[in-house]
Amino acid sequence: MKYFLIFLVIIVMLVFSIILGAHNDQVITFNYLIGQDEFHIATLLAIVFSIGFFLSWIICGMCWLRVRVSLAHMKRKVIRLQSQLEVKENAILTSKNLSLRNHS
1 MKYFLIFLVI IVMLVFSIIL GAHNDQVITF NYLIGQDEFH IATLLAIVFS IGFFLSWIIC
61 GMCWLRVRVS LAHMKRKVIR LQSQLEVKEN AILTSKNLSL RNHS
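Per the UniProt record's numbering: the sequence shown = residues 1 to 104.
Here you go:
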């Protein structure tokens with residue numbers, strides 16, 4: 001819910017900036033790698049902000065996914081090690097019980 005509210009606030013800020021920028025009719029020439037084009041300042045800022053926003057979500061999502069996969073792997077490893085420890089503890093208890101019976 002917290003992340004949804006943050007996302008909603010950012011979208012509202014983007015819409016608000018587009019509304020304010022719509023009154024600015026200044027056109028600029030934007031040179032990019034394969035050419036150039038003319039954009040209104042508000043449109044260009046909205047496009048660049050949106051691209052940056054979605055790229056950051058993709059990067060954070062990939063990092064989050066990597067951490068979740070690592071966590072799942074570590075949980076499986078802990079379960080496996082706990083079962084190995086239980087087997088060894090049972091073997092030790094069994095050997096102690098046998099040695100106590102033999103000495104009695």
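Even glycine gets a Cβ: it sits at the ideal position worked out from N, Cα and C.
Supposed contact pair residue j and residue i - C-beta distance, whole angstroms, cut 8 Å
{"i": "THR29", "j": "GLN36", "result": "6 Å"}
Extent of the continuous beta strand (DSSP E) to which residue i belongs
{"i": "ILE28", "result": "27-32"}
Cβ neighbours of residue i in the same chain (closer than 8 Å, five flanking residues each side left out)
{"i": "PHE49", "result": "LEU14, SER17"}
Residue i: first and last residue of the uninterrupted alpha helix (DSSP H) it sits in
{"i": "MET13", "result": "2-21"}
Proximity winner among the options, relative to residue i (alpha-carbon distances)
{"i": "ILE10", "options": "ASN102, LEU33, ALA46", "result": "ALA46"}
Close beta carbons around residue i, own chain, < 6 Å, minus the five adjacent residues each side
{"i": "ASN31", "result": "none"}
*Given 8 Å as the limit, is there contact between the segment 38-55 and the segment 17-29, that is, 3 or more CB pairs closer than that?*
Judged by Cβ distances under 8 Å, the segment 38-55 makes contact with the segment 17-29, as three or more pairs qualify.
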